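Colleague: This is the structure, below, for whatever I ask next.
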Amino acid sequence: MNFNYKKLLPQTLTILVVILVFGFFTYNAQVNMENRGITFGYGFLSQESSFDVQFSLIEYDGSHSYFRAYLVGLLNTILVSVIGIIIATIIGVIVGIARLSKNYLIERTAAVYVEFFRNIPLLLQIFFWYFAALRALPLPQKAEPMFGVFFLTIKGFFVPAFIWNNLDVFIYSILAAIISIIFVKIYANKKQEAEGKQTPVLYISIGLLLILPLLSFFIGGASFYVEVPALKQLAKTSFTYEGGVKLPPELIALALALSLYTATFIAECVRAGVQGVGKGQKEAAASIGLTPNQVLKLVVMPQALRIIIPPTTNQYLNLTKNSSLAAAIAYPDLVLVFAGTALMQTGRAIEIVSITMLTYLSLSISISILMNWYNKKIAIKEK
Amino acid sequence: MLKLIKQLTSVVAMFAVLFTFTTGTMAAGKSKTLKNTTKKGFVRCGVSQGLPGFSNADAAGNWTGVDVDVCRAVAAAVLGDASKVKFTPLSAKERFTALTSNEIDILSRNTTWTLSRDADIGLTFVGVNFYDGQGFMVRKNSGISSVNDFKNGVSACTNLGTTTELNMRDFFNSKGIKYEPVTFEKADEVVAAYDAGRCDTYTTDKSGLAAQRIKLSNPDDHIVLPETISKEPLGPVVRQGDSVWEDIVRWSLNVMIEAEEYGVNSGNADSMKTSDNPAVKRLVGAEGELGAALGLDNDWSLRIIKQVGNYGESYKRNIADTGILPDRGPNELWTKGGILYVPPAR
Chain A
334 MNFNYKKLLP
344 QTLTILVVIL
354 VFGFFTYNAQ
364 VNMENRGITF
374 GYGFLSQESS
384 FDVQFSLIEY
394 DGSHSYFRAY
404 LVGLLNTILV
414 SVIGIIIATI
424 IGVIVGIARL
434 SKNYLIERTA
444 AVYVEFFRNI
454 PLLLQIFFWY
464 FAALRALPLP
474 QKAEPMFGVF
484 FLTIKGFFVP
494 AFIWNNLDVF
504 IYSILAAIIS
514 IIFVKIYANK
524 KQEAEGKQTP
534 VLYISIGLLL
544 ILPLLSFFIG
554 GASFYVEVPA
564 LKQLAKTSFT
574 YEGGVKLPPE
584 LIALALALSL
594 YTATFIAECV
604 RAGVQGVGKG
614 QKEAAASIGL
624 TPNQVLKLVV
634 MPQALRIIIP
644 PTTNQYLNLT
654 KNSSLAAAIA
664 YPDLVLVFAG
674 TALMQTGRAI
684 EIVSITMLTY
694 LSLSISISIL
704 MNWYNKKIAI
714 KEK
Chain B
480 MLKLIKQLTS
490 VVAMFAVLFT
500 FTTGTMAAGK
510 SKTLKNTTKK
520 GFVRCGVSQG
530 LPGFSNADAA
540 GNWTGVDVDV
550 CRAVAAAVLG
560 DASKVKFTPL
570 SAKERFTALT
580 SNEIDILSRN
590 TTWTLSRDAD
600 IGLTFVGVNF
610 YDGQGFMVRK
620 NSGISSVNDF
630 KNGVSACTNL
640 GTTTELNMRD
650 FFNSKGIKYE
660 PVTFEKADEV
670 VAAYDAGRCD
680 TYTTDKSGLA
690 AQRIKLSNPD
700 DHIVLPETIS
710 KEPLGPVVRQ
720 GDSVWEDIVR
730 WSLNVMIEAE
740 EYGVNSGNAD
750 SMKTSDNPAV
760 KRLVGAEGEL
770 GAALGLDNDW
780 SLRIIKQVGN
790 YGESYKRNIA
800 DTGILPDRGP
810 NELWTKGGIL
820 YVPPAR
């Protein structure tokens, strides 16, 4: 055994310092908490929370536990993040491609949008959208219905609810359609490899997705009716809507602000990705007789995606973390419900902050893992 | 595995402390807070982010209000100068952490005294400087004239992390009304959202409603409903574990109230030294050794009365004359039909 002391010594020292610093803060916190009569423990999570939350995806009121309140906040955070990521991606891709347009007007409009929105602090944008929306939206009794059933008011966006009979049959039919599509795709790939013929997978997929759910209505006994929100008077000048589903204005403002902000960064990623594909690739693809659509689908996009995905992952992570600004405008996300109200009512700062930190860490790591998996899937496979 | 997770989370938790707890432990000396305050030369006081009448800063950064006056009284007693206070504006959410983590030494921020806060989280309430109760504000033209007029679906704006949130639930539950709580971190956003029409009602302590009403675009279009749905005794809070400091803050407040009871005010305090009433003489330090018991000199209470004034002066200056709540209601002396009653300073 021949130890390399030069290598080992700095590493040992670093580890020692880390342990000492960590230990000092842990010890310090323990002493301070003991002196101030603060106990440490996670038992409060099962206690009754006794506060209500404005908007929840699961059944919740103050008679449920703090843990349930945590779930409410977590789901709301995930909801606004997912909505934000979807909208930001759509806007980002469109704007990113628009920035490459040869049309001067389109290119400039996209550029102005990107520069404007990415250079204003997000919190200000959230406040702007929220209070601008509150000022601009009508009171419930003055709202003009959209298509007769949607009502966008200061108290929220009221949309019709679907009340289902035999919902399970409908869901199974969709699952069956998805599974069939996967089989068709496998069959099509085999056929192309064996005979060199292409199968119109897209049209078959759309057909399957339409026909199977339709069958569930006619044969499976699935049905639904639509519950349209109806105006309800609360007081002489105070109204709201009853029935249907209500999306609070806080959710709409937050999702809007988050997606418009993050889309600017995604747009730049997309632009970089497409520009990163060599001109020769497109010309070579065209010269072997591929149609412009095929060039984009089979040659440009697969290569561009490799450049786009890693930085876009960062943007997805940013959006998720930025959603914690929700507390400023009363959207009941994890920070507002759990690290806000629950923390205040229990006074358990260390426990709740640690749980909240771990939760955001897990959320971010999950998104990272998912995106890395996707990135690996589309990466160049060296033969 | 479970144990590992538990250990892991507690390690992470302790790490979080890095941000909330500063160094320093409490042990030696009679009162570490008193010693530190004397050394620093100012009292560290946590106040609201702006509640007229209680703690509010003007354009020049001068703080005024009845909550502010409690801290000024302590500064006058301990340091001899009521102006030697450093004010830290805090949100409802931050206030207790700021106190327990040693950022401030007194929390005087319209904070309701409850059992769980007093017993659970390392705090000690020292007294009540304002007896309040939760109420509702609505638009005048809504036709709502009593809490009994609320119906299912009513939306209520309020601050998060307050007793208000809990009282609101208790109240609407007892009436069997389904409501929509819209909770903001800062009071200014609550006011803005209610003003815009997001909510049908704005609920918080009645003093707060009266103070915030002034900030609305048309204050006259809004009324505060007559009912009070909770008890909200507001008072200063100190960290648990320093009983000398606790006593100093408690008696600084009590002296202000007792001074009003005996008719001692900032104008006549000096002349009261020759009063015939021994209670009055004790109050202005002309008799007895009350200061020594607190680790202070004997003129501590005289300085409070001269520099800050008695409770009545403070109330008049901050709450009555500003038009927030001209009627003292329960915050009148017990001798005049109110419930202000403090133990004797002797």
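The listed protein sequences derive, respectively, from chains A and B.
For reference, each letter of the first sequence is one residue, going 334 to 716 in our numbering.
For reference, each letter of the second sequence is one residue, going 480 to 825 in our numbering.
Positions of the beta carbon are idealized from the N, C-alpha and C atoms, including for glycine.
These figures come from a predicted structure and were not determined experimentally.
By Cβ distance, which residues of its chain are closer than 7 Å to residue 499 of chain B, with the 5 residues on each side in sequence left out?
Modeller: Annotation note: pLDDT 43 at residue 499 of chain B (below 50); position unreliable, coordinate value reported separately. Closer than 7 Å at Cβ, skipping near neighbours: 576, 580.
Colleague: Nearest-angstrom Cα distance between residue 778 of chain B and residue 762 of chain B?
Modeller: Residue 778 of chain B and residue 762 of chain B: Cα-Cα distance of roughly 9 Å.
Colleague: Got a sec: is the Cβ-Cβ distance from residue 726 of chain B to anything in chain A below 7 Å?
Modeller: It does not: the Cβ of residue 726 of chain B has no partner Cβ on chain A nearer than 7 Å.
Colleague: Should residue 569 of chain A be flagged as near chain B, meaning a C-beta pair shorter than 7 Å?
Modeller: Closer than 7 Å: yes.
Colleague: Where does residue 472 of chain B fall in DSSP's three states?
Modeller: Absent from the model: residue 472 of chain B. The displayed extent of chain B is 480 to 825, so no value can be given.
Colleague: Taking the alpha carbon of residue 468 of chain A as the point to measure from, which residue in B:628, B:672, B:631, B:650 has its own alpha carbon closest?
Modeller: The shortest Cα separation from residue 468 of chain A among B:628, B:672, B:631, B:650 belongs to B:672.
Colleague: Have a look at A:701, A:643, A:650, A:683 and flag the residue whose alpha-carbon is nearest the alpha-carbon of residue 712 of chain A.
Modeller: Closest by alpha carbon: A:643.
Colleague: For residue 717 of chain A, I'd like the list of residues in its chain whose CB is within less than 8 Å of its CB, leaving aside the five on either flank, ordered along the chain.
Modeller: As shown, chain A starts at 334 and ends at 716. That puts residue 717 of chain A outside it, with no answer to give.
Colleague: Does the structure place the region 595-607 of chain B close enough to the region 624-631 of chain B that three or more beta carbon pairs sit under 8 Å?
Modeller: Verdict: no, contact absent.
Colleague: In the DSSP assignment, the alpha helix (DSSP H) including residue 399 of chain A goes from what residue to what residue?
Modeller: Unbroken alpha helix (DSSP H) run through residue 399 of chain A: 399-431.
Colleague: Which word fits residue 825 of chain B, buried or exposed, when buried means at least 16 other C-beta atoms lie within 10 angstroms of its C-beta?
Modeller: Answer is exposed; the Cβ neighbour count stays below 16.
Colleague: Rounded to whole angstroms, what's the CA-CA distance from residue 579 of chain A to residue 532 of chain A? Just pull it up for me.
Modeller: The straight-line gap from Cα to Cα measures roughly 43 Å.
Colleague: Is any beta-carbon of chain B found at less than 7 Å from that of residue 666 of chain A?
Modeller: No, its Cβ sits nowhere closer than 7 Å to a Cβ of chain B.
Colleague: Grab the span of the alpha helix (DSSP H) containing residue 679 of chain A for me, first residue to last.
Modeller: Taken as a continuous stretch (DSSP letters only), the alpha helix (DSSP H) holding residue 679 of chain A covers 676-679.
Colleague: Would a check of beta-carbon distances place residue 573 of chain A closer than 7 Å to chain B?
Modeller: True, the Cβ-Cβ gap to chain B drops below 7 Å.
Colleague: Which value, in whole angstroms, describes the spacing of the CA atoms of residue 464 of chain A and residue 691 of chain A?
Modeller: One C-alpha to the other measures close to 32 Å.
Colleague: If residue 610 of chain A and residue 637 of chain A are in contact, beta carbons under 8 Å, what's the gap, nearest whole angstrom?
Modeller: The pair is a contact, with the Cβ atoms about 5 Å apart (cut-off 8 Å).
Colleague: Suppose you measure from the CA of residue 641 of chain A to the CA of residue 419 of chain A; what does that come to, to the nearest Å?
Modeller: Straight-line Cα distance between these residues: approximately 16 Å.
Colleague: Report the neighbours of residue 409 of chain A on chain B: residues whose CB is nearer than 7 Å to its CB, in chain order.
Modeller: Going along chain B, no residue has its Cβ under 7 Å from residue 409 of chain A, so there is no contact; the nearest lies around 13 Å.
Colleague: Do we get a CB-CB distance below 7 Å when we pair residue 675 of chain B with the residues of chain A?
Modeller: Output row for residue 675 of chain B: interface = yes.
Colleague: Only counting the same chain, and skipping five residues up and downstream in sequence, which positions put a Cβ closer than 6 Å to that of residue 809 of chain B?
Modeller: So the list reads 610, 817, 818, once near-sequence residues are dropped.
Colleague: Thinking just about the alpha-carbon of each residue, which of A:572, A:550, A:544 is nearest to the one in residue 679 of chain B?
Modeller: Closest option to residue 679 of chain B, Cα to Cα, is A:572.
Colleague: Rounded to a whole number of angstroms, what is the C-alpha to C-alpha distance between residue 391 of chain A and residue 625 of chain A?
Modeller: Distance between the alpha carbons of residue 391 of chain A and residue 625 of chain A is about 47 Å.
Colleague: Straight-line CA distance for residue 380 of chain A to residue 394 of chain A?
Modeller: Between residue 380 of chain A and residue 394 of chain A, the C-alpha separation is close to 13 Å.
Colleague: Run through chain B and tell me which residues come within less than 7 Å of residue 384 of chain A, C-beta to C-beta.
Modeller: In chain order: 644, 645, 648.
Colleague: Among B:728, B:525, B:733, which residue has its Cα nearest to the Cα of residue 572 of chain B?
Modeller: Nearest C-alpha to residue 572 of chain B: B:525.
Colleague: Can you list, in chain order, the residues of its chain with a C-beta nearer than 6 Å to that of residue 417 of chain A? Leave out the 5 residues immediately preceding and following it.
Modeller: 588, 591, 592, 652, listed in sequence order.
Colleague: For the candidate residues B:749, B:563, B:662, whose alpha-carbon lies nearest to that of residue 517 of chain B?
Modeller: Answer by Cα proximity: B:563.
Colleague: Counting Cβ pairs closer than 8 Å, one from the region 718-727 of chain B and one from the region 695-706 of chain B, do we hit at least three?
Modeller: With the cut-off at 8 Å, the region 718-727 of chain B and the region 695-706 of chain B do not touch.
Colleague: Beta carbons nearer than 9 Å to chain A: which residues of the region 612-634 of chain B have them?
Modeller: Those would be 617, 618, 620, 621, 622, 623, 628, 629, 630, 631, 632, 633, 634, in chain order.
Colleague: Residue 769 of chain B to residue 597 of chain B, Cα distance in whole Å?
Modeller: C-alpha separation (whole angstroms): 27 Å.
Colleague: Give the residues of chain A in contact with residue 663 of chain B, contact being defined as C-beta atoms less than 7 Å apart.
Modeller: Here the neighbours are 663.
Colleague: Hey, is residue 659 of chain B's beta-carbon within less than 7 Å of any beta-carbon in chain A?
Modeller: Cβ-Cβ to chain A under 7 Å: yes for residue 659 of chain B.
Colleague: When Cβ atoms are compared, which residues of the region 580-599 of chain A fall closer than 9 Å to chain B?
Modeller: Residues 581, 582, 583.
Colleague: Near residue 781 of chain B, which residues of its chain fall below 7 Å by C-beta distance, leaving aside the five closest residues on each side in sequence?
Modeller: So the qualifying residues of the chain are 748, 763, 764.
Colleague: Below 8 Å, can you find three or more Cβ-Cβ pairs linking the region 551-568 of chain A to the region 518-525 of chain A?
Modeller: Output reads no: the region 518-525 of chain A does not touch the region 551-568 of chain A.
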